[in-house]
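K.L.:
Handing you this structure, nothing more for now.
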Amino acid sequence: MGKTARNQNNSQRFGAYLDTEVIYCGDNLDSLMQLPDACVDLVYIDPPFNSNRNYEIFWNEGREMRAFEDRHASTQAYIDFMRPRCAELARVLKETGTMYYHCDWHASHYVKILLDQIFGEGGLINEIIWKRQSAHNDAKQGSKHLGRVHDTILMYSKGKDYHFKHLYRPYDPEYVEQFYRFTEPETGRRYRLGDLCAPGGASPSKGNPHYEFLGVSRYWRYSKENMERLYKEGRIVQTAPGRVPAYKRYLDEGKGVPLGSVWDDIGPLQGAAAERIGYPTQKPLKLLERIIEISSKPGDVVLDAFCGCGTALVAAQNAKPSRHWIGIDVSPTACRVMAKRLRDNCGISEDKRLWRSGRGFQVIGLPRTIEELRRLPPYEFENWAIIELGGTPNRAKVGDMGIDGRLYPVSSIPHRRDTSDQLAFMDVWFPIQVKQKEKAGRPDIDAFEAVMVRENRRKGFFVAFDFTLDAAREVRRFLRSEGREIELVTVKSLLEEPPVVVRRTRQPAVAHQPSLWDEIGTQSQQPNVRVAIGPTPETAPRERADKRRA
Ligand SMILES: C[S@@+](CC[C@H](N)C(=O)[O-])C[C@H]1O[C@@H](n2cnc3c(N)ncnc32)[C@H](O)[C@@H]1O
2 MGKTARNQNN SQRFGAYLDT EVIYCGDNLD SLMQLPDACV DLVYIDPPFN
52 SNRNYEIFWN EGREMRAFED RHASTQAYID FMRPRCAELA RVLKETGTMY
102 YHCDWHASHY VKILLDQIFG EGGLINEIIW KRQSAHNDAK QGSKHLGRVH
152 DTILMYSKGK DYHFKHLYRP YDPEYVEQFY RFTEPETGRR YRLGDLCAPG
202 GASPSKGNPH YEFLGVSRYW RYSKENMERL YKEGRIVQTA PGRVPAYKRY
252 LDEGKGVPLG SVWDDIGPLQ GAAAERIGYP TQKPLKLLER IIEISSKPGD
302 VVLDAFCGCG TALVAAQNAK PSRHWIGIDV SPTACRVMAK RLRDNCGISE
352 DKRLWRSGRG FQVIGLPRTI EELRRLPPYE FENWAIIELG GTPNRAKVGD
402 MGIDGRLYPV SSIPHRRDTS DQLAFMDVWF PIQVKQKEKA GRPDIDAFEA
452 VMVRENRRKG FFVAFDFTLD AAREVRRFLR SEGREIELVT VKSLLEEPPV
502 VVRRTRQPAV AHQPSLWDEI GTQSQQPNVR VAIGPTPETA PRERADKRRA
């Protein structure tokens, strides 16, 4: 329990435990290579494709790759990026496990070939069409294609012994109208008539019984005693004398229609949906709940290696009974978002001690040193600094007008609940500027001063690794001449201890801005009752590092 496989340098012990209820922050290729063979029951991935140019990015060897102009080159790069990751995912999947790969029209045909190569051609169980919307504005006037309204989810297994549970959807009203035509007057229950004649009829090999029942001689499905019992129970009707008796199949006893591979009953997350937390590309919980129900049992381990805001983890944690889970995401922001979501939506705490006793979860690999922070992509560095400072990152990264984030101070909380000017406090905020620079200099400060004057702010925060003497001098001059204060915050000081002013302001940001970002940097201590250990993997790991380089 709680033993981190990666900390064990002895390869025999390596395979003995699997840490679950863990989020790994980092490139999934690295994290996957630390996992033993055949240790997870269900893999779901929803990797980004560079189709959504406003947001989607993927990371390869620390390099940010985005917005390819050449579609073919980008698809090739995407498949090259995914190939070793899918090979690792197949390796960690148990023989009885299932892998779901969520993608869309851009790459699904290439991904299928990729997965066929890895799992073998018989590995594809289903190609699921998730109809995510009924209309799409890509099919507007002037376009020459049909609206692209669905995603594709490819479902693969290693062999025939995978776990599978059939799900059923309610009958649609037209079907009920057409087939369940009768209603029992005494109970109001709807029913249809089922055949009581024996399948195979007189065929001697079937050995069906032949006798007369309610004046009709036939080869029957049941023995005479059973037929008489069913008749007494009111399950057999004869609609007219001499007619062949039939079996009453009640609508309320039917399981429904077996779920097919076209899923049109789970809509997209609408703007106002309660579960929506604002993470781009967030998938609906219902979708992940369904996948988990079909392809896992209580106690199984669910792995999402591109877990974004943690939809799969929340679905696994909240399943009844819950499943174990492992999440991986390269983005520290995503990891903080999902930690908050697990805490808020599942009531479990990010707490190493609780996790050791099986009642919490851990986030491993968040950047903690100056070196690691230097290596973060700019967007992630910016989010990290703002969240550490207790602020709210600016969602619009393009055209942010020199403001990377905002900090709402304690004094801005409204005192009276019923004030007519409830939103007045929104105007009391301090801009935050972040530069991933070794030394921010005078020109950086000049630009920030212009922002503060333009926005008429009396205080602002500037984060960098360090500042030149000129920068510090200019900050003092600005205070003297304009009466506006710029606080210079070094990364080192954020790592050691948040500055006093920041600690004071962190709390109210949570209190009056109940947005996704506000609480990302904090932890709660709520007790919970999770067990945090996975099954013992059967095999020892391979030489993963070598393989990766190969
Ligand atoms: C489409 S989002 C997943 C959304 C998720 N299904 C949800 O419902 O929130 C893809 C995620 O993959 C992450 N990602 C991209 N490259 C990665 C890598 N090499 N390793 C781990 N995560 C990666 C991104 O940071 C992003 O959060």
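Numbering (my numbering), first residue to last: 2 to 551.
No residue lacks a Cβ here, since even glycine has one placed at the ideal position from N, Cα and C.
Since the structure is predicted, the reported quantities are computational estimates derived from the model, not experimental observations.
Within 8 Å, do at least three Cβ pairs link the stretch 275 to 286 to the stretch 332 to 350?
P.N.:
yes
K.L.:
Just the Cα atoms here: how many angstroms apart are residue 42 and residue 235?
P.N.:
45 Å
K.L.:
Report the residue ranges of all alpha helix (DSSP H) runs contained in full by the stretch 226 to 304; include only those spanning at least 4 residues, in chain order.
P.N.:
286 to 296
K.L.:
Do you know how far the Cα of residue 37 is from the Cα of residue 373?
P.N.:
26 Å
K.L.:
Check each candidate in 493, 321, 459, 496 and name the one with the smallest Cα separation from residue 479.
P.N.:
459
K.L.:
What did DSSP end up calling residue 384 once you bin it into helix, strand or coil?
P.N.:
Residue 384 falls in the helix class under three-state DSSP.
K.L.:
In terms of residue numbering, what span does the alpha helix (DSSP H) encompassing residue 29 cover?
P.N.:
29 to 34
K.L.:
Give the single residue among 274, 225, 185, 266 whose Cα lies nearest to the Cα of residue 249.
P.N.:
185
K.L.:
Just how far apart, CA to CA, sit residue 158 and residue 99?
P.N.:
5 Å
K.L.:
Beta carbon of residue 284: closer than 7 Å to some heavy atom of ligand 1?
P.N.:
Yes - ligand 1 has a heavy atom lying nearer than 7 Å to the Cβ of residue 284.
K.L.:
Have a look at 451, 438, 457, 455 and flag the residue whose alpha-carbon is nearest the alpha-carbon of residue 490.
P.N.:
438
K.L.:
Short check: CB of residue 111 to CB of residue 46, under 8 Å?
P.N.:
Annotated as distal: residue 111 and residue 46, with beta-carbon spacing of 8 Å or more.
K.L.:
Is it the case that the CB of residue 317 approaches a heavy atom of ligand 1 more closely than 7 Å?
P.N.:
For ligand 1, not one heavy atom lies less than 7 Å from the Cβ of residue 317.
K.L.:
How would you label residue 393, buried or exposed, when you count the other beta carbons within 10 angstroms and need 16 or more for buried?
P.N.:
buried
K.L.:
For residue 212 and residue 122, I'd like the C-alpha separation in whole angstroms.
P.N.:
51 Å
K.L.:
Going by Cα to Cα distance, which pick from 284, 35, 471 is closest to residue 154?
P.N.:
284
K.L.:
Rank 130, 146, 210, 265 by C-alpha distance to the C-alpha of residue 105 and give the top, closest one.
P.N.:
130
K.L.:
For residue 287, which residues in the same chain have their Cβ closer than 7 Å to its Cβ, ignoring the five residues on either side in sequence?
P.N.:
267
K.L.:
Taking the alpha carbon of residue 92 as the reference point, which residue from 258, 40, 23 has its own alpha carbon closest?
P.N.:
40
K.L.:
With a cut-off of 8 Å on the beta carbons, I'd call residue 132 and residue 151 a contact; round off their distance for me.
P.N.:
The pair is a contact, with the Cβ atoms about 5 Å apart (cut-off 8 Å).
K.L.:
How about residue 472 and residue 441: do their beta carbons lie closer than 8 Å?
P.N.:
yes
K.L.:
According to DSSP, what are the bridge partners of residue 465?
P.N.:
The secondary-structure analysis by DSSP pairs residue 465 across a beta bridge with 491.
K.L.:
Residue 108 by DSSP, collapsed to three states: which one?
P.N.:
coil
K.L.:
Only counting runs of 4 or more residues, tell me where the alpha helix (DSSP H) segments fall wholly within the stretch 329 to 356, in order along the chain.
P.N.:
333 to 347
K.L.:
Can you find the residues in the same chain that come closer than 7 Å, C-beta to C-beta, to residue 23, ignoring five residues on each side of it along the sequence?
P.N.:
327, 362, 363, 365
K.L.:
Taking residue 291 and residue 311 to be in contact with their CB atoms under 8 Å, please state how far apart those CB atoms are, rounded to whole angstroms.
P.N.:
The Cβ separation is near 17 Å, so there is no contact.
K.L.:
Look at the alpha carbon of residue 509 and the alpha carbon of residue 169, and state the distance between them as a whole number of angstroms.
P.N.:
For residue 509, the predicted model reports a pLDDT of 27, less than 50, meaning its position is unreliable; a value from the coordinates is still stated below. Going by the C-alpha atoms only, they are around 47 Å apart.
K.L.:
Where does the unbroken beta strand (DSSP E) through residue 128 begin, and where does it stop?
P.N.:
125 to 132
K.L.:
Less than 8 Å between the C-beta atoms of residue 199 and residue 220, yes or no?
P.N.:
yes
K.L.:
Could you say which of 94, 90, 50 lies nearest to residue 79 if we only look at CA atoms?
P.N.:
Looking from the CA of residue 79, the closest CA among 94, 90, 50 belongs to 50.
K.L.:
In chain order, what residues of the same chain lie with their CB nearer than 7 Å to the CB of residue 87, ignoring the 5 residues before and after it?
P.N.:
115, 116, 119
K.L.:
With 16 as the cutoff for other CB atoms within 10 Å, does residue 325 come out buried or exposed?
P.N.:
That one is buried.
K.L.:
Taking the DSSP output, what are the residues bridged to residue 371?
P.N.:
Partner residues in a beta bridge of residue 371, as assigned by DSSP, do not exist.
K.L.:
CA-CA distance, residue 461 and residue 315?
P.N.:
Going from the Cα of residue 461 to the Cα of residue 315 covers about 37 Å.
K.L.:
From residue 389 to residue 259, what does the alpha carbon distance come to, in whole angstroms?
P.N.:
Here the alpha carbons of residue 259 and residue 389 stand approximately 49 Å from one another.
K.L.:
What is the DSSP secondary structure of residue 472, reduced to helix, strand or coil?
P.N.:
The answer is helix: DSSP assigns residue 472 an H, G or I state.
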